[in-house]
Amino acid sequence: MTRGANGKTGKPRASVRQKVAHGAFLITAARSVSRALDLVTLMVLARLLTPADFGLVAIATSAVQLTEAMLELPTGNALLQLKSVGRKPLDTAFTFALLRGLFVAALLAGLSFPLANFFGDERLVPLICFLSVAPALRGLRSPRAFLLFKHLRFRPDATAEIFGKLAALCIAITLALETGSYWAIAAGSVANPLFYVIATYVLVPARPRFTLHSWRLFHRYLGWSIAAQGLSALNWQTDRFVLAKIASQTTVGLFATTRDIAAMPYKVIFESIQRPVISALSRSNGHRDRQGDTYRLTLSAVLSIGIPIAFAQAILAPQLVELVLGPQWLTVVLVFQAASLTLIPGLFSSMTSSLLYASGKPNLIFTRNLYDWAARMPLTVGLTLWGGWKGAVMAFVVSDCLLAFLCMMLVRRTVGISVFQQLAGAWRAAISGICMVGIMLVVGHSTEAGSGPLGIILYLLWMVPLAGSVYAVMLLVIWISIGRPDGIERLAFHFAEPLLPKTARRIVLGRS
Numbered sequence: 002m003t004r005g006a007n008g009k010t011g012k013p014r015a016s017v018r019q020k021v022a023h024g025a026f027l028i029t030a031a032r033s034v035s036r037a038l039d040l041v042t043l044m045v046l047a048r049l050l051t052p053a054d055f056g057l058v059a060i061a062t063s064a065v066q067l068t069e070a071m072l073e074l075p076t077g078n079a080l081l082q083l084k085s086v087g088r089k090p091l092d093t094a095f096t097f098a099l100l101r102g103l104f105v106a107a108l109l110a111g112l113s114f115p116l117a118n119f120f121g122d123e124r125l126v127p128l129i130c131f132l133s134v135a136p137a138l139r140g141l142r143s144p145r146a147f148l149l150f151k152h153l154r155f156r157p158d159a160t161a162e163i164f165g166k167l168a169a170l171c172i173a174i175t176l177a178l179e180t181g182s183y184w185a186i187a188a189g190s191v192a193n194p195l196f197y198v199i200a201t202y203v204l205v206p207a208r209p210r211f212t213l214h215s216w217r218l219f220h221r222y223l224g225w226s227i228a229a230q231g232l233s234a235l236n237w238q239t240d241r242f243v244l245a246k247i248a249s250q251t252t253v254g255l256f257a258t259t260r261d262i263a264a265m266p267y268k269v270i271f272e273s274i275q276r277p278v279i280s281a282l283s284r285s286n287g288h289r290d291r292q293g294d295t296y297r298l299t300l301s302a303v304l305s306i307g308i309p310i311a312f313a314q315a316i317l318a319p320q321l322v323e324l325v326l327g328p329q330w331l332t333v334v335l336v337f338q339a340a341s342l343t344l345i346p347g348l349f350s351s352m353t354s355s356l357l358y359a360s361g362k363p364n365l366i367f368t369r370n371l372y373d374w375a376a377r378m379p380l381t382v383g384l385t386l387w388g389g390w391k392g393a394v395m396a397f398v399v400s401d402c403l404l405a406f407l408c409m410m411l412v413r414r415t416v417g418i419s420v421f422q423q424l425a426g427a428w429r430a431a432i433s434g435i436c437m438v439g440i441m442l443v444v445g446h447s448t449e450a451g452s453g454p455l456g457i458i459l460y461l462l463w464m465v466p467l468a469g470s471v472y473a474v475m476l477l478v479i480w481i482s483i484g485r486p487d488g489i490e491r492l493a494f495h496f497a498e499p500l501l502p503k504t505a506r507r508i509v510l511g512r513s
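Structural data, given as structure tokens:
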């Protein structure tokens, strides 16, 4: 395997890995900007609206997201499996996405009345109907974007996403200032996909046609994936529905919004790497060892990024919650901390999904989600009824850990990487992260954040770089001390090498 990596077969593999890394870096940067815009929007809206407003929209949004995810059509993943993509498969994928969006919108309009009766709030009827426009809009994006994904070109999609977020930010904040109504949140949710779709046609022009000519290319993915996505969405939204029935809208707003904010880094990381990783893993289909090697290195790299973020978020939870949402939200810091730490098991499950999609095994994703549902549903319902929002926190922590273990078992079955090997890929990041946490606790105990947003920002401006520096130095020291194995450290050095002085390059490479 080592010789092969240096031989003729190794060059293309290295090239693909660099393309994946470059694509992932580009999308990560774009998604980071996108989520930063989301945070700015939340920071403003949380000070103009009440937690009850967020709770009402959270209930409606959960209904929309659940229905949308249950009818998700991963046509893009199916197209990535094809060696070459022609006009008819692209038009078929567009037609499927459009029909699915229209069906979701119609279904939600019909469900809005019984849902409003169930939760005892008539305002949900127009709110759900309005939010249901978003799924229909998402199905209209330029189909030619899939061709760019297949060739590991992600800049146009990243640009379109940022444009959509900027438009949503402006519209939501303007409406909140003018009306002080929860409709500002809903308007931003619909404006985002609308302007994203417009941008895709400007950046990647296309004239799609309505056809189902190539439907057979998608039927295997559509069947299993719809079922798998439905279970996954149900697993994610169950605690919100249970809380909405037994608690006030204020409690739901506090819980749902805080958890969503904590999950933003997870979404940035996974949404950024999903398409590049599926593209890379798809190229090694039929070569189990090569696919396993690619997966192992990618998982290790993702965990090396996710672990310090999860640890730092949990330590800085009080400051982050007060800065983003305001002091009235500090009662749910525990939700933020728990959701931050579950970023780590969440990365295992998300990476497994990419592997199984790339391997053409959506049936295993359904099986995994079914087992997850069988464990998560009774835990969520029972613990939430018993302990309210604190019980819901316990439920999603335990459930996410169980799901991660199940995913590791599926990876062992698919590419032959043992559970121990998967966990071992994170040991350098784990040790470095623990050292980082120790420094943060010691320094944080002796220095407190100032009062108000400005004081918190000044505190974070020196604490976050300090934590990042400690983590990076420890990771580099451990990597050099064990012989500089292949991993994210080598990849990071590859990109940073032109910027480093010769002395630093010699130290990193071990040259005299």
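Quick note on our numbering: the sequence shown kicks off at 2 and runs consecutively. Backbone N, C-alpha and C define an ideal beta-carbon position, used for all residues, glycine too. Predicted, not measured: the structure shown is a model, and the values here were computed from it.
Problem - CA-to-CA distance, L138 to S249, given in whole angstroms - result: Distance between the alpha carbons of S249 and L138 is about 32 Å.
Practice task
Please say whether K362 and T415 have beta carbons closer to each other than 8 Å?
Solution key: yes
Handout entry: Inter-residue spacing [alpha-carbon to alpha-carbon] between F312 and L342
Key = 7 Å
Practice task
Compute the beta-carbon to beta-carbon distance between S190 and L132, rounded to the nearest angstrom, for a pair I have assumed lies under 8 Å.
Solution key: 6 Å
Problem - Residue closest to V322, alpha-carbon to alpha-carbon, out of T258, I274, L365 and R88 - result: T258
Handout entry: Reference R260, options F337, K89, G140 and I483, closest by Cα
Key = Comparing Cα positions, the closest option is F337.
Problem - 8 Å Cβ cutoff met for L467 and S433 - result: no
Exercise for the section: Provide the residue span of the alpha helix (DSSP H) that contains I174, from first to last. Expected result: Residues R156 to T180.
Problem - Straight-line gap, L300 to M441 (C-alpha atoms, nearest Å) - result: 26 Å
Problem - First through last residue of the alpha helix (DSSP H) which encompasses N286 - result: N286 -> no alpha helix (DSSP H), and no H or E assigned at all.
Handout entry: Cut-off 8 Å between Cβ atoms - residues of its own chain near F114, not counting five sequence neighbours on either side
Key = The residues V126, in chain order, have a CB closer than 8 Å to that of F114 in the same chain once the five nearest residues on each side in sequence are set aside.
Practice task
Specify, as a first and last residue, the run of the alpha helix (DSSP H) that I440 falls within.
Solution key: W428 to S447
Practice task
Indicate the three-state DSSP secondary structure (helix, strand or coil) for K391 in the structure shown.
Solution key: In the three-state reduction of the DSSP assignment, K391 falls in the helix class, which pools H, G and I.
Problem - Reduced DSSP category for F242 - H, G, I as helix; E, B as strand; rest coil - result: helix
Problem - Spatial neighbours of P157 in its chain, beta-carbon cut-off 8 Å, leaving aside the 5 residues before and after - result: A146, L149, T201, L204 and V205
Practice task
Can you tell me which of V382, A340, L116 and T448 puts its alpha carbon nearest to the alpha carbon of Y460?
Solution key: T448
Exercise for the section: Tell me where the alpha helix (DSSP H) around E323 begins and ends. Expected result: A318 to L326
Exercise for the section: Give me the Cβ distance between Y358 and L407, rounded to the nearest whole Å; I'm assuming they're in contact under 8 Å. Expected result: With a Cβ gap of about 17 Å, Y358 and L407 do not count as contacting.
Problem - 8 Å Cβ cutoff met for T381 and T239 - result: yes
Practice task
Answer with buried or exposed for N236, where buried requires no fewer than 16 other C-beta atoms within 10 angstroms of its C-beta.
Solution key: When all chains shown are included, N236 counts as buried.
Practice task
Indicate whether L335 and P319 have their beta-carbon atoms separated by less than 8 Å.
Solution key: no
Practice task
Determine, using beta carbons only, whether V58 and I186 come nearer to each other than 8 Å.
Solution key: yes
Problem - Segments of 4+ residues assigned as alpha helix (DSSP H) that fall wholly inside the stretch 70-135 - result: Under the rule that a run must span 4 or more residues, the alpha helix (DSSP H) segments found entirely inside the stretch 70-135 read 76-82, 88-120 and 125-132.
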